[in-house]
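Chemist: I have a structure I would like to understand better, so I am pasting it below and will then ask my questions one at a time.
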Amino acid sequence: MLFSELTGRPVMTVAEAKRAGVVDGFVVDPARATVVALRLQKTPDSKRNLLSLSRIRAIGPDAVMVPDAESLRTAEEALAEQAELAGKGLDLPDKPVLTERGEETGTVDDAHFDPETGALHALVTTEGEIPGRAMIGLGTYAVVVRAGSESHPVTP
Amino acid sequence: MSGERAGAAGQPGRERPEAGGRGEGSGAAGRAPGASALMLATGIAKRPVVTLGGEAVAQVRDIVFDSGGGHIVGFTLSGRRRLSGPMKRSLPWEGVYALGHDAVMIENEDALEDPGEVVERTEAKGGDVLESRVLTDGGKDVGKIVDVVVQAGTTADVVGYEIEPGDARGRHPRTAFLPRAETISVSGQALVIPALATEFMADDLPGFEAQVRAFRDRMRKGAD
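Top to bottom, those sequences are chains S and E. Quick note on full-length UniProt numbering: the first sequence kicks off at 1 and runs consecutively. Quick note on full-length UniProt numbering: the second sequence kicks off at 1 and runs consecutively.
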C-alpha cells in the first residue's frame, strides 16, 4: 500500500462508530524500515494523535478501524510504549534523500508499505524507487540511504 | 458495510493522480550516477554537515588544508541559521564519513570536536593558495589560482587548481584546470610548478580527472 492511498482516510472506532481522526502521516523507524504508527489529524484530543499499527483492528477500503478512541496516544506515550521516534518533522514525504556519501538523489514522493506488519518496502522518490532496507537514518533534514541503492528504476 | 460515506478518499483506487506529478522536474536534474568525484573547494563551504541519522548539525565555514596544501585536514563550522556565526566546534577529517557534492556526512555529533585541534593546523603556511600566481619552473606565468580541486575518498586530496590565465586580454577570461604536482614550492606570493604540468591542463572538471591521472603516470615514469 502507498502512503498516499491511506492518507486522508478516516479512522473510526468499532465501539462507538465515531470518527477518531483522519490519517495524516506515518511514523517510521528507519533502523527497522518499519512504519510503527499513523499520525492523525482531527482527533478528539489534538495531542493524542498517534495510532500504533498494533492497535489497528482493520484497514478497510473506506476507513481505518480501531477499538476505541483510547487507542490513540500522545507522542510521549507512544515513545514510552515502544521506544520509537515519534517526533515532529520525521515524515518521509517531501524529504530530500541523501546517500551516505553525501550525494542528493531526489526527494521522497511516497512510500510502499505492508499495512499488516508496517514493513516499508520502498521509498518512491523523484528519481526512482529505493528499497526500504537501504534506509540508514531519517532526520529532520533528510533521509539517508546506502550508497548504490539509489538507482532503481520506477516501477509502474 | 457502514452507512457513513467516507467522502472522496473512500475509494480503494490504486492510483492517486495527484501523487505522481508532484516531484516532476523539481531538482531532478541531478548528477549522472558515475559523476566525477572531483569538486571545487569553494563549493564545499556552506555545505551542510549531516549525520547518518539525517540531522543537519552545522554547515562548513572554512576548509583547513595541511601545511603543504596537499589535502584537507578538517573544517571549521558555522551554525545552520542564516546569521549564525562561527561554531565553537570543528570537524577534523578523521570524523568525516563522506564528503559528497551535497553534504558532508558524519556518523553522529561525536565527530565534532573542539576547534583547537583543527585550527592549530590552519595557521600553517601554504594551505591557502587562493589568489596566488602560478609560475612554471621555466619562469612562465600560468595565471592566478581561483579555486582548488579536491578529490574526495578516504582522504580528500588536492589534485589541482582552477587557474585564471594571466594574459587575459579577452573580457571573459576562461579558467582552466591545472594538475597539482608533488614537486612544487609555495610561498605567500607564488606557486612554482614543473612546466610539464601545463601540458595536462583541462577545460572542465570531467575532462580534468583523466588529465590528472595521465599527469601522475607521466611523473611516475619520469622518476624511474
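Quick reminder that beta carbons are idealized off the backbone N, C-alpha and C, glycines included.
Using DSSP with H/G/I as helix, E/B as strand and the rest coil, what is residue 53 of chain S?
Modeler: helix
Chemist: Here's a check: name, in chain order, each residue in its chain whose Cβ is nearer than 8 Å to the Cβ of residue 204 of chain E, leaving out the five neighbours to either side.
Modeler: 177
Chemist: On the DSSP letters alone, give me the boundaries of the alpha helix (DSSP H) that residue 5 of chain S sits inside.
Modeler: Unbroken alpha helix (DSSP H) run through residue 5 of chain S: 3–6.
Chemist: Is there contact between the segment 77–93 of chain E and the segment 117–128 of chain S, where contact requires at least three CB pairs shorter than 8 Å?
Modeler: no
Chemist: Could you pull the DSSP bridge partners for residue 162 of chain E from this structure?
Modeler: E:147, E:177
Chemist: In angstroms with no decimal places, state the Cα-to-Cα distance between residue 12 of chain E and residue 17 of chain S.
Modeler: Below a pLDDT of 50, predicted positions are generally treated as unreliable, and residue 12 of chain E, at 38, falls in that range; the measurement from the model is reported next regardless. Going from the Cα of residue 12 of chain E to the Cα of residue 17 of chain S covers about 21 Å.
Chemist: What do you get for residue 220 of chain E, buried or exposed, if any count of 16 or more other CB atoms within 10 angstroms of its CB means buried?
Modeler: exposed
Chemist: Residues of chain S with CB under 7 Å from residue 102 of chain E, in chain order?
Modeler: 98, 102, 103, 104
Chemist: Could you check what DSSP says for residue 33 of chain E in three-state terms: helix, strand or coil?
Modeler: Its pLDDT being 36, under 50, residue 33 of chain E is placed unreliably by the model, and nothing is read from it.
Chemist: What residue range does the alpha helix (DSSP H) around residue 44 of chain E cover?
Modeler: 41–44
Chemist: Only counting runs of 3 or more residues, tell me where the beta strand (DSSP E) segments fall wholly within the segment 42–119 of chain E, in order along the chain.
Modeler: 48–51, 56–65, 72–78, 86–92, 96–99, 104–106
Chemist: Checking 7 Å against the spacing of the C-beta atoms, do residue 55 of chain S and residue 65 of chain S come in under that value?
Modeler: no
Chemist: Sort S:118, S:50, S:141 by Cα distance to residue 94 of chain S and report the nearest one.
Modeler: S:141
Chemist: Report yes or no: do three or more beta-carbon pairs, one from the segment 96–106 of chain E and one from the segment 97–113 of chain S, lie closer than 8 Å?
Modeler: yes
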